[in-house]
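Q: What follows is a structure written as C-alpha cells; I'll ask about it next.
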C-alpha cells in the first residue's frame, strides 16, 4: 500500500431528535461544492481525528467515558488516548460544523444555552476555532467546560476501500440533540442542512435528490429499522 492510500482516522456524529409525529429524525449536511472531497454530497457532521484530540491534555477535558472504556469499545489494538480521541474529535467536529456543543460545566451541569450572552460568546469562539486562532481545547479551558463523551454512543465502523486515493477509517457515533440547542443551518463547511427521517432520506436518495455515499446509506438503512430514538440508543449503548 502506498503512503497516499493510508486512511486517515475520523469520527462522525449522527445527530438525532424525536419526530413530531413519532419516530425520529437525523440531521444531515451537504458539503460545499468547492470541497476537494465529497463535494455536494450529504453527510453527517464529522472529520479527521487530530493529534490534539488524542493528547493527555485533551483527555483531561473529557468526562463520561474513560480512557479504558474507549479502548474497550473501539478495540484493544488502539491506545487508550487514541481511542478516546475519537469521542473528542466527534464532539469538536460537531461544534465546528454545526454549533452543537456536547459539554458540561466543571460541576457536571449542562450548559444554559438559553443564556444569550453565553450562546453568542461560544459562536464567536467557534469561528475562532475554525480560523485556527484558538484551539478547541483552549475554548474549553477558557469557558471551564468538559466534553460530555457519554452523549456519544458508538454505532459503526467504516473504511474507504484501498483503491481510493483519499481514504478514511471512520467511527460513527449517535448523539441525541440537547433540548435547548439547535444546529446551524449552514456554516463554513455546510452548504445546506435538513432534519429528515431515515426512511425519507432513503427515498430521496433513491430519487436522486439526496446524494450520499455507501456508509451514509447503510447507516440510514440500519436506523430505519428502529421506531424511536430510545430503542436505537438502547440497542447500541455498550
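Numbering (our numbering), first residue to last: 157 to 394. Virtual Cβ for every residue (Gly too), placed ideally from N, Cα, C. Every value quoted in this text rests on a predicted model; they were computed, and no experiment measured them.
Going by DSSP, what residue range makes up the beta strand (DSSP E) through residue 170?
A: Run containing residue 170: 164 to 174, per the beta strand (DSSP E) assignment.
Q: From the DSSP output, in three-state form, read off residue 270 for me.
A: Coil at residue 270, not helix or strand.
Q: Confirm, please, whether the CB-CB distance from residue 347 to residue 186 is below 7 Å.
A: Yes, they are a contact pair.
Q: Determine which residues share a DSSP beta bridge with residue 314 and list them.
A: Paired residue(s): 326.
Q: Give the DSSP-derived three-state secondary structure of residue 295 in the structure shown.
A: Helix.
Q: According to DSSP, what are the bridge partners of residue 198?
A: Note: residue 198 sits in a beta bridge opposite 186.
Q: Is the beta carbon of residue 328 less than 7 Å from the beta carbon of residue 168?
A: Closer than 7 Å, so yes.
Q: Would you kindly work out how many angstroms separate the C-alpha atoms of residue 290 and residue 256, rounded to a whole number?
A: The alpha-carbon atoms of residue 290 and residue 256 are separated by roughly 17 Å.
Q: Going by other Cβ atoms of all chains shown within 10 Å of its Cβ, with 16 needed for buried, is residue 349 buried or exposed?
A: Buried, by the Cβ-count rule.
Q: What residue range is occupied by the uninterrupted alpha helix (DSSP H) comprising residue 387?
A: From DSSP, the alpha helix (DSSP H) with residue 387 extends over 385 to 392.
Q: What's the gap between the Cα of residue 192 and the Cα of residue 286?
A: Answer to the nearest angstrom: the Cα atoms are 18 Å apart.
Q: Pull the bridge partners of residue 331 from the DSSP assignment, please.
A: In DSSP, residue 331 forms a bridge with 171.
Q: When DSSP labels each residue in this structure, what does residue 180 get in the three-state scheme?
A: Three-state result, residue 180: strand.
Q: To the nearest angstrom, report how far apart residue 223 and residue 317 are at their CA atoms.
A: Roughly 29 Å between the two C-alpha positions.
Q: Taking the alpha-carbon positions, what's the residue 209 to residue 352 distance?
A: Each residue's Cα considered, the two are about 30 Å apart.
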